[in-house]
Structures are given as structure tokens and as C-alpha cells.
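Residues 7 to 239 in the numbering used here are what the sequence shown spells out, letter by letter. To keep things clear, I will list the structure first and then write my remarks on it.
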Amino acid sequence: MAEFNGIRAIVTDIEGTTSSISFVHEVLFPYAAKHMDAFIRENFSAPAVAEQLDEVARLGGVDRKSPDALIKQLLDWIAEDKKITPLKALQGMIWRAGYDEGAYKGHVYPEVAERLRHWRELGIRLFVYSSGSVAAQKQIFGFSEAGDLTPLFSGYFDTRVGGKREADSYRAIVREVSEPASSVLFLSDVPAELSAAAEAELQVCQLVRGEGIERQEAYPAVASFADLVIKPA
Ligand SMILES: [Mg+2]
Numbered sequence: 007m008a009e010f011n012g013i014r015a016i017v018t019d020i021e022g023t024t025s026s027i028s029f030v031h032e033v034l035f036p037y038a039a040k041h042m043d044a045f046i047r048e049n050f051s052a053p054a055v056a057e058q059l060d061e062v063a064r065l066g067g068v069d070r071k072s073p074d075a076l077i078k079q080l081l082d083w084i085a086e087d088k089k090i091t092p093l094k095a096l097q098g099m100i101w102r103a104g105y106d107e108g109a110y111k112g113h114v115y116p117e118v119a120e121r122l123r124h125w126r127e128l129g130i131r132l133f134v135y136s137s138g139s140v141a142a143q144k145q146i147f148g149f150s151e152a153g154d155l156t157p158l159f160s161g162y163f164d165t166r167v168g169g170k171r172e173a174d175s176y177r178a179i180v181r182e183v184s185e186p187a188s189s190v191l192f193l194s195d196v197p198a199e200l201s202a203a204a205e206a207e208l209q210v211c212q213l214v215r216g217e218g219i220e221r222q223e224a225y226p227a228v229a230s231f232a233d234l235v236i237k238p239a
């Protein structure tokens with residue numbers, strides 16, 4: 007159990023916090039890799055896709071007119087685990103198609119939806135901060151195993167606000183949330199993210215869900231959202 011007082015807003019990470027790391031790595035990424043070839047060929051001229059392919063050609067230095075060359079570049083980036091904007095955008099489009107077809111649902115740990123609702127009922131506003139794009143965040147929660155959870159969230163942040171291991175990112179989030187930093191609780195599994203948030207004077211708590219996560223002794227930790235006692239301001 008860990009207790010937090012004077013809370014007005016909660017900012018939560020996704021992977022390793024609300025959702026399993028393996029869902030992203032063993033379901034979403036392989037799905038995008040498997041369907042990238044067909045998706046690019048079928049949507050080569052669609053404006054939203056063409057716009058991203060312009061960027062793939064520019065950043066990768068490959069022939070814009072060659073679907074083969076563009077697809078190879080995208081698959082190389084996936085294999086190298088590169089976080090490149092047009093790749094993330096195209097993956098997001100493929101994942102959306104997968105959610106729409108019911109190929110999978112967004113994973114959330116069993117207690118998460120009920121706890122999020124409870125905190126909303128206490129008048130606490132909820133936000134997401136993840137290195138996945140805002141579009142991908144909305145998909146995980148919008149098509150989750152517990153139904154559409156997006157009405158519970160007041161806002162979403164991705165790396166456009168800054169890196170997750172930089173204190174300035176959390177300062178920027180606090181400004182957007184418009185609450186004192188000390189009334190904002192940040193939840194994550196990654197010690198370096200907790201340190202950055204704590205440096206920005208947020209309250210922090212580590213989720214240790216047993217996916218090989220290293221315990222950060224400097225901060226409170228819980229094994230699930232059920233062990234969080236939140237007292238609103
Ligand atoms: Mg995480």
C-alpha cells in the first residue's frame with residue numbers, strides 16, 4: 007500500500023503501468039511489421055499515407071517512387087527499434103485497422119478501469135504520458151479489454167512534450183494540467199522517469215508488476231493500482 011495526499015491530477019504511463027509491456031512488444035509491433043507491406047501497397051496514394059511516405063523517403067534517403075524501397079526502409083527501422091515519426095504514424099494507422107477488425111484489444115491490467123473510475127469519482131483529473139503517440143494511446147484505451155476508457159481521461163501527452171527522462175517534460179505537463187506540481191501524482195514502472203518527475207516536484211509512485219522491473223528504493227512502490235490510496239485535495 008502507498009498513500010498520497012492532496013492529489014488533484016494523476017499522470018500515468020502505459021507500458022508496465024496500466025498495461026503489459028508484452029502487449030506492445032508481442033502483439034502491436036509484430037502486427038504492424040506483418041501488415042506493413044500490404045498496407046503501404048494498398049494505400050500508396052492515400053493522402054494521409056503519402057504524406058508519411060514523403061518523410062520516409064526524405065529521412066531514409068530512399069526513392070519516393072519505389073514501394074519496395076520505402077517498405078524495406080520501414081521494416082529496417084522496425085528491426086532497429088527506431089522511434090521515427092513517420093514510422094510511428096504509419097504503425098498507428100495499421101494498429102487502428104487491427105483494432106477496427108477486432109484483431110486484438112488494448113491490454114489493461116484487471117484492476118485498472120475500476121481504479122481510474124474511482125479516482126474520477128473523487129474529482130481527480132486523469133492524464134496519460136507515454137512515448138507511444140497520442141493516437142496510439144487513445145487506441146489502447148479506446149479499444150481496451152475493459153471497453154472504451156477514453157472518457158475518463160482529460161488529456162494525453164507524448165514525446166512532443168519532451169523525453170520521459172527529462173524533468174522539463176514534467177514541468178511542461180504540470181503547466182498544461184494547471185495544478186501545482188505537488189498535487190500531481192505520476193505513475194510509472196521506470197526509475198529514470200520517476201526521478202525526472204520527482205525533480206520537477208511531482209509526487210511519484212513506481213508500479214512493480216513483475217515484468218523484470220527494477221525496484222527504485224527512493225520512491226514508494228505498489229504492485230497494482232489496487233494498492234494505491236489516493237486522497238484528493
Ligand atoms: Mg512504462
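Ideal Cβ positions, reconstructed from N, Cα and C, are used throughout, including at glycine.
Residue i burial status per 10 Å Cβ neighbour count (16 or more: buried)
i: Arg70; result: exposed
i: His2; result: The structure shown has nothing for residue 2, since the chain only spans 7 to 239.
i: Lys89; result: exposed
i: Phe50; result: exposed
i: Glu120; result: exposed
i: Gly129; result: exposed
i: Pro36; result: exposed
Proximal residues to residue i (C-beta, below 7 angstroms), its chain only, five neighbours per side dropped
i: Asp82; result: none
i: Ala232; result: Glu117 and Arg121
i: Asp43; result: Ile77
i: Ser66; result: In the sequence as presented, Ser is not what sits at residue 66; that position holds Gly. Result list for Gly66: Gln79, in chain order.
Neighbourhood of residue i by C-beta, 6 angstroms cutoff - its chain only, sequence neighbours within 5 removed
i: Ile100; result: Ala38, His41 and Phe45
i: Ala15; result: Arg131, Val183, Glu185 and Val190
i: Asp195; result: Gly22, Thr23, Leu213 and Ile219
i: Pro92; result: Gln58, Glu61 and Val62
i: Asp164; result: Ser139 and Val140
Distance, residue j Cα to residue i Cα
i: Ser137; j: Arg181; result: 19 angstroms
i: Ala54; j: Val140; result: 17 angstroms
i: Ala103; j: Val68; result: 26 angstroms
i: Gly108; j: Glu151; result: 11 angstroms
i: Asp23; j: Arg215; result: Position check: residue 23 holds Thr in this sequence, whereas Asp was assumed. Straight-line Cα distance between these residues: approximately 8 angstroms.
i: Leu34; j: Gly12; result: 37 angstroms
i: Asp3; j: Gly98; result: Residue 3 falls outside the range modelled here, since the chain spans only 7 to 239, and no answer is possible.
i: Ala187; j: Ala95; result: 31 angstroms
i: Ala202; j: Val210; result: 10 angstroms
i: Val17; j: Pro157; result: 15 angstroms
i: Tyr162; j: Pro73; result: 33 angstroms
i: Arg126; j: Phe10; result: 15 angstroms
i: Phe29; j: Gly112; result: 8 angstroms
Residue i at chain D interface by Cβ criterion, 9 angstroms
i: Ala202; result: Looking at the structure shown, chain D is missing, and only one protein chain is on hand.
Chain-order list of residues whose beta-carbon lies under 8 angstroms from that of residue i (same chain, five-residue window excluded)
i: Gly168; result: Asp174, Ser175 and Ala178
i: Asp154; result: Phe147 and Gly148
i: Ala227; result: Ala8, Cys211, Gln212, Leu213, Val214 and Arg221
Query raised in the report: Where are the alpha helix (DSSP H) runs, 4 residues long or more, that stay fully inside the region 158-211, in chain order?
Result: 173-183 and 197-205
Report task. Starting from the N-terminal side, write out each stretch of the alpha helix (DSSP H) that is 4 residues or longer and does not extend beyond the region 89-165. Result -> 91-106, 118-127 and 140-148
Report task. Closer than 6 angstroms is what we want: which residues have a beta carbon that near any heavy atom of ligand 1? List them in chain order. Result -> Asp19, Glu21, Gly22, Thr23, Ser194, Asp195 and Val196
**Report entry** Inside the region 31-93 only - alpha helix (DSSP H) runs reaching at least 4 residues
**Finding:** 35-48, 53-66 and 73-85
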